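Taking it in order: structure first as C-alpha cells, then the write-up.
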Amino acid sequence: MGGAVSAGEDNDELIDNLKEAQYIRTELVEQAFRAIDRADYYLEEFKDNAYKDLAWKHGNIHLSAPCIYSEVMEALDLQPGLSFLNLGSGTGYLSSMVGLILGPFGVNHGVELHSDVIEYAKQKLDFFIKTSDSFDKFEFCEPSFVTGNCLEISPDCTQYDRVYCGAGVQKEHEDYMKNLLKVGGILVMPLEEKPNHADSGKSRLVHLPPVAVRSLQDLARIAIRGTIKKIIHQETMSKNGNGLKNPPRFKRRRVRRRRMETIVFLDKEVFASRISNPSDDNNNSEDVEEERREEEETKPSELKPDPPVNFLREKVLSLPLPDPLKYYLLYYREK
69 MGGAVSAGED
79 NDELIDNLKE
89 AQYIRTELVE
99 QAFRAIDRAD
109 YYLEEFKDNA
119 YKDLAWKHGN
129 IHLSAPCIYS
139 EVMEALDLQP
149 GLSFLNLGSG
159 TGYLSSMVGL
169 ILGPFGVNHG
179 VELHSDVIEY
189 AKQKLDFFIK
199 TSDSFDKFEF
209 CEPSFVTGNC
219 LEISPDCTQY
229 DRVYCGAGVQ
239 KEHEDYMKNL
249 LKVGGILVMP
259 LEEKPNHADS
269 GKSRLVHLPP
279 VAVRSLQDLA
289 RIAIRGTIKK
299 IIHQETMSKN
309 GNGLKNPPRF
319 KRRRVRRRRM
329 ETIVFLDKEV
339 FASRISNPSD
349 DNNNSEDVEE
359 ERREEEETKP
369 SELKPDPPVN
379 FLREKVLSLP
389 LPDPLKYYLL
399 YYREK
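Each residue of the sequence shown is one higher than the one before, starting from 69 at the first, in the working numbering.
Shown next as C-alpha cells:
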C-alpha cells in the first residue's frame with residue numbers, strides 16, 4: 069500500500085506532501101514525523117526509496133508506507149503520559165515517533181515476532197538517541213521491545229491506553245485485541261484481513277515489560293532539562309520578540325502585461341493589425357529585470373548552511389557542574 073502522495077527530496081518534503089494531502093493533520097504528529105528521518109530506518113543500499121510513499125520490505129524487516137503511518141498516528145490520538153502497545157513493532161520507527169509524543173511519563177512497549185528485527189530496532193533506537201539533535205527537543209518515552217507472537221500475550225499483562233496492530237487481524241481475534249485496551253482506549257488495526265502466519269516454533273506466552281516507576285535521579289534529570297528548555301525559550305523570545313528570527317517572506321505575484329491584438333473590419337474586408345501600448349517595451353524590460361532580481365534572491369548559496377545549534381547541549385555544558393553530571397543530563401550522547 070502507499071503511493072498516495074508524491075515522493076519527497078528529503079524527510080521534510082515528504083512530510084510537507086503528507087500535510088498537503090491531509091494525512092498529517094495535527095501539530096504533535098507533524099513534529100514527531102519531522103524529528104525522525106525515515107531514511108535512518110532503511111538499509112544503506114535502499115535509502116534512495118526512503119522518501120517515497122511506499123512500503124519497504126527486506127527479509128523480515130518491514131516499513132509501512134508513510135501515508136499509513138500518518139493515518140495510524142492521527143487515529144491513535146496520542147497524548148503525553150499515555151501507555152502504548154505496538155503489535156508487530158518491526159524496525160521501531162513508529163514506536164520511536166510515538167515515544168516523542170508520550171513523553172517521559174508514558175509507557176511504550178512493542179512485540180515483534182522476529183528476533184533479528186528486534187536487534188535491528190534496538191540498533192536504530194540507539195543510533196537515534198546517541199546522534200539525533202531531535203532527541204534534545206523532546207522528553208522521550210523510550211520504547212521497549214520483546215520477541216514473541218502477539219496472539220500469545222500473557223493474560224495477566226497490563227492494559228494499554230492505545231494499541232496498534234500492523235498485521236491483518238481475523239474477526240475471531242477481535243475480542244482478544246480489545247481485551248488489551250483500557251476502558252476508553254483506542255485500538256487501530258486492519259480487521260478481517262488474512263494474517264501472515266509465521267511458524268514461531270513452540271508456543272509460549274509473551275510477557276510484556278513491567279511498568280516501572282522512574283528513579284528519583286531520573287526524575288531530577290527530566291526536571292532539570294525541562295527547566296533549562298524553558299530558560300532557553302524565554303531567552304529566545306526576549307531576543308527575537310515574537311520568537312521568529314526571519315519572518316516568512318511572501319512573494320509578490322507579478323501580473324504580466326500582454327500585447328493587444330486588434331482586428332479591424334472595413335467594408336467586409338478584414339485587416340489585422342497589432343496596436344502596441346507605448347509603455348509595453350518599458351514594462352517588458354522591467355519584468356525581465358524583476359525576474360532577474362528574484363532569481364538572484366532565490367538562488368541557493370554556494371556555501372553550506374551552518375548546522376543547527378543544539379542550545380540545550382550548549383547550555384548544559386556551560387553549567388558549573390562536574391563533567392559526569394553534565395554527561396548524565398545529556399544522556400551520554402555523542403553529539
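Note that beta-carbon positions come from the ideal geometry of N, C-alpha and C, so glycine has one too. Source: prediction; values computed, not measured.
- Proximity to R272 across L82, V214, S163, K205 peaks at V214, based on C-alpha coordinates.
- Excluding its 5 nearest sequence neighbours in each direction, E210 has C-beta neighbours in its own chain below 8 Å: G167, N176, L193, I197, listed in chain order.
- Here A72 really is in contact with D121; their C-beta atoms are around 6 Å apart, less than 8 Å.
- According to the DSSP assignment, N247 belongs to no alpha helix (DSSP H), since it is labelled neither H nor E.
- Per DSSP, reduced to three states, the secondary structure at L153 is strand.
- Less than 9 Å separates the beta-carbon of N128 from that of H182.
- In this structure, G234 lies near G156, with their beta-carbon atoms less than 9 Å apart.
- Cα atoms of F152 and E77: separation of roughly 31 Å, rounded to the nearest angstrom.
- For a cut-off of 8 Å, the C-beta gap from Y119 to A75 is around 6 Å, short enough to register as a contact.
- Annotated three-state conformation of C135 is helix, per DSSP.
- CA-to-CA, the gap between L387 and I296 works out to about 10 Å.
- Residue environment analysis places F101 among the buried positions, since at least 16 neighbouring C-beta atoms fall within 10 angstroms of its C-beta.
- Under the 8 Å Cβ criterion, the segment 215-223 does not count as touching the segment 137-147, having fewer than three qualifying pairs.
- DSSP places L255 in the strand class (E or B) of the three-state scheme.
- Buried is the label assigned to V384, since at least 16 other Cβ atoms lie within 10 Å of its Cβ.
- Taking D105 as the centre and dropping the five residues before and after it, the same chain places the C-beta of N79 closer than 6 Å to its C-beta, in chain order.
- Only residues of its own chain outside the window of five on either side were considered, and among them N378, L380, R381 have a CB closer than 7 Å to the CB of D204, listed in chain order.
- In this structure I299 is not in contact with P172, their Cβ atoms being roughly 19 Å apart against a cut-off of 8 Å.
- For G234, the secondary structure class from DSSP, reduced to helix, strand or coil, is coil.
- Ranked by Cα distance from M165, the first of L287, Q99, P278 is Q99.
- From the listed residues Q90, L131, S200, G160, the smallest Cα separation to Y400 is found for S200.
- By the neighbour-count criterion, in which a residue is buried when 16 or more other Cβ atoms sit within 10 angstroms of its Cβ, F208 is buried.
- At a Cβ-Cβ threshold of 9 Å, P277 and S212 count as neighbours.
- Annotated three-state conformation of E113 is helix, per DSSP.
- DSSP places V214 outside any alpha helix (DSSP H); the residue lies instead in the beta strand (DSSP E), whose first and last residues are 212-215.
- Residue environment: R93 is assigned as exposed (fewer than 16 neighbouring CB atoms within 10 Å of its CB, all protein chains considered).
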